[in-house]
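Data block below; observations after.
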Amino acid sequence: MGALDHFSNLFDCSGGGHSLKKRKQLQTVELKVKLDCEGCERRVRRAVEGMKGVQQVDIDRKGSKVTVVGYVEPSKVVGRITHRTGKRAELWPYVPYDEVDHPYAQGVYDRKAPAGYVRYSQDPQTNQLARASSTEVRYTTAFSDENTAACAIM
Numbered sequence: 706m707g708a709l710d711h712f713s714n715l716f717d718c719s720g721g722g723h724s725l726k727k728r729k730q731l732q733t734v735e736l737k738v739k740l741d742c743e744g745c746e747r748r749v750r751r752a753v754e755g756m757k758g759v760q761q762v763d764i765d766r767k768g769s770k771v772t773v774v775g776y777v778e779p780s781k782v783v784g785r786i787t788h789r790t791g792k793r794a795e796l797w798p799y800v801p802y803d804e805v806d807h808p809y810a811q812g813v814y815d816r817k818a819p820a821g822y823v824r825y826s827q828d829p830q831t832n833q834l835a836r837a838s839s840t841e842v843r844y845t846t847a848f849s850d851e852n853t854a855a856c857a858i859m
């Protein structure tokens, strides 16, 4: 908050209290919405463009992706699309497959994902190839053939 903003808040004669309003940040919200035809695309565009704070709306019908740029909250954009159009909308769950260590693993690969994308989450419960803890590594390598100091009970 700059000095000019501070002085304008001090000399505000609007009659309200001295509560400072938190400004929303400019952000890009990417959503997955199933779009079948031009009519669906038009309905989604009109629903989102009518929101306060929206700067730009880009729709990729083939990839089922809606990108909204503006001073908006992601949850409100999802709610607005769901309420106005009746379509199921969710935040974009995909990342480019180059950013993932194992793009074809069981919890990561998704056949419904657009070309070049995979479903990925940072949650270790859903990621099948999460790093093992040190105790798990010790137990699995204790009887390994590659470990020369392994137990030789056989």
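Okay, so the sequence shown: first residue is 706 according to the numbering used here, each after it adds one.
Glycine is no exception: its CB is placed at the ideal position from the N, C-alpha and C atoms.
Residue i lies in the alpha helix (DSSP H); which residues open and close that run?
i    : result
V749 : 743-754
G784 : 779-790
Could you compute how far the alpha carbon of residue i sits from the alpha carbon of residue j?
i    : j    : result
W797 : R728 : 25 Å
F716 : M756 : 31 Å
D741 : G791 : 13 Å
R824 : G784 : 22 Å
H753 : S769 : One point to set straight first is that residue 753 is Val, not His, in the sequence displayed. C-alpha separation (whole angstroms): 15 Å.
P819 : Y802 : 11 Å
R793 : L736 : 10 Å
E743 : R766 : 8 Å
K781 : T840 : 44 Å
D815 : Y776 : 31 Å
P779 : L709 : 30 Å
H788 : S713 : 38 Å
E746 : H711 : 43 Å
V800 : G821 : 8 Å
V759 : K817 : 29 Å
According to DSSP, residue i sits in a beta bridge with which residue or residues?
i    : result
P801 : Y822
T840 : According to DSSP, T840 bridges with nothing at all.
K729 : According to DSSP, K729 bridges with nothing at all.
K817 : Note: K817 sits in no beta bridge, so no partner.
K737 : K770, E795
Check this for me: beta carbons of residue i and residue j, under 8 Å apart or not?
i    : j    : result
V738 : V771 : yes
I764 : R750 : yes
V734 : V773 : yes
Tell me the residue span of the beta strand (DSSP E) that contains residue i.
i    : result
G775 : 770-775
D765 : 759-765
L796 : 794-796
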